[in-house]
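Written below as structure tokens is the structure these notes are about.
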Amino acid sequence: FYNCTPDQNISWASGVFFDDINDTIKTRFGDRQGSRVSGRLVWLPFFDEPSNGRYLINTGLAILHTDTYNDLVRFRARPQIQRGPILIDSGNVAANSYTTGGLELAVVWGAITIQNEAFVAKVNRLGSDNATVGGAYSHVSYFLTGESRVYERFGQHGAQFGSNRPFTNFFATRGGCGWGAWEAKARWSHLNLTDIDRGQYNDLTVGFNWYWSDRTRIMFDWIHPITSRDTVFGETSSDLLAMRFDVNW
């Protein structure tokens, strides 16, 4: 369920998700999340109507309560790339539920975007004291070609960022060419599992996106993860180079 105020500057969403569904569906979708109740509230204290959101401030908070599947919960992270190794992993933690609270702040100011989120989860462990885990990220990007991040006040999933649209699509003909949109970006991410003796994870990502159109982009990233002593491979630092080409519709 989700809705918004008439001016779309305040929106909210909530959901209830059950684990007791058909086993065939579970196999297909890999649902091992347990039963969940979630809610999110977003307020835009500033939204520039004449520019359709080229300048805006987004604030929000969210809460998620999960009754775990088979009384187990697991927290883990890869270095910002799906095919990368898992560098921090709680393993299976015996717990019957956990509750997660989150805060969000995003500012779009023309070609510049700053986006931040943080969360804290209280884990109700079985046979031992409750534990607290947390994480955060901060992301900044800048369109070298002058575009701005597209923001949907009441999109398919409530308030969200949408597909970016270049001023000019990428093309090359005898009569001329278009360069698409170029976006430089940097991101810091953090996950803290020290309360369950599994260490901390940080990474820095720097790169750029090249948008051929609102449906096609190429991503280039340098990722530098740093882990503490109690993580999967111990105290390490790494460097990854990644490229992605995607088309969506």
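In the numbering used here, the protein residues as written are -5 to 243.
For every residue, glycine included, the Cβ atom is placed at its ideal position computed from N, Cα and C.
Note that the structure is predicted; figures quoted are calculated from it, not measured.
In this structure, does DSSP put Ile190 in helix, strand or coil?
Here residue 190 corresponds to residue number 196 of the sequence shown, with the count starting at 1. Helix.
What is the residue span of the beta strand (DSSP E) that Asp61 lies within?
Within the sequence shown, residue 61 is the residue found at index 67, counting from 1. Unbroken beta strand (DSSP E) run through Asp61: 49 to 61.
Give a yes or no on contact between the region 34 to 45 and the region 64 to 81, applying the rule of three or more CB pairs nearer than 8 angstroms.
no
Would you mind working out which of Thr210, Arg72, Gly78, Gly95 sits nearest Ser84, comparing C-alpha positions?
As a first step, residue 84 is located in the sequence shown; it is residue number 90 there, counting from the start. Of the listed residues, the one whose Cα sits closest to Ser84 is Arg72.
Taking Cβ to Cβ, would you say Tyr205 is nearer than 8 angstroms to Asn158?
Taking the first residue of the sequence shown as position 1, residue 205 is located at position 211. Taking the first residue of the sequence shown as position 1, residue 158 is located at position 164. In this structure, Asn158 lies closer than 8 angstroms to Tyr205 by Cβ.
Spatial distance of Glu141 from Ile4 (CA atoms):
Along the sequence shown, read from residue 1 onward, the residue named residue 141 stands at position 147. Along the sequence shown, read from residue 1 onward, the residue named residue 4 stands at position 10. When rounded, the distance between both Cα atoms is 25 angstroms.
Bridge partners of Ile82, per DSSP?
Locating residue 82 in the sequence shown gives position 88, counting from the first residue. Its beta-bridge partners are Ala71.
Between which residues of its own chain and His161 is the CB-CB distance below 8 angstroms, once the five residues before and five after are set aside?
Counting from one through the sequence shown, the residue named residue 161 turns up at place 167. A small correction: the amino acid at residue 161 is Phe; His does not occupy that position in the sequence shown. Within the same chain, Phe161 has close Cβ partners Thr139, Gly140, Glu141, Ala175.
What's the C-alpha gap between Asn(-3) and Gly129?
Counted from its first residue, the sequence shown places residue -3 at position 3. Counted from its first residue, the sequence shown places residue 129 at position 135. One C-alpha to the other measures close to 28 angstroms.
Please classify Asp191 as buried or exposed, where buried requires at least 16 neighbouring CB atoms within 10 angstroms.
By 1-based counting over the sequence shown, the position of residue 191 is 197. Under this definition Asp191 is an exposed residue.
Provide the residue span of the beta strand (DSSP E) that contains Leu234, from first to last.
Your numbering for residue 234 matches position 240 in the sequence shown. Here the beta strand (DSSP E) through Leu234 covers 234 to 241.
Can you tell me whether Ala166 is buried or exposed, with buried defined as 16 or more other CB within 10 angstroms of its CB?
In the sequence shown, counting from the first residue as 1, residue 166 sits at position 172. Answer is exposed; the Cβ neighbour count stays below 16.
Which of helix, strand or coil DSSP assigns to Ser91
Residue mapping note: residue 91 aligns to position 97 of the sequence shown, counting from 1. Strand.
According to DSSP, simplified to helix, strand and coil, what is Phe41?
Along the sequence shown, one-based indexing puts residue 41 at 47. Strand.
What separation, rounded to the nearest whole angstrom, lies between the Cα atoms of Asn237 and Gln109?
Stepping through the sequence shown from its first residue, residue 237 is reached at position 243. Stepping through the sequence shown from its first residue, residue 109 is reached at position 115. This sequence places Met at residue 237; Asn is not what is there. Their backbone Cα atoms lie some 22 angstroms apart in a straight line.
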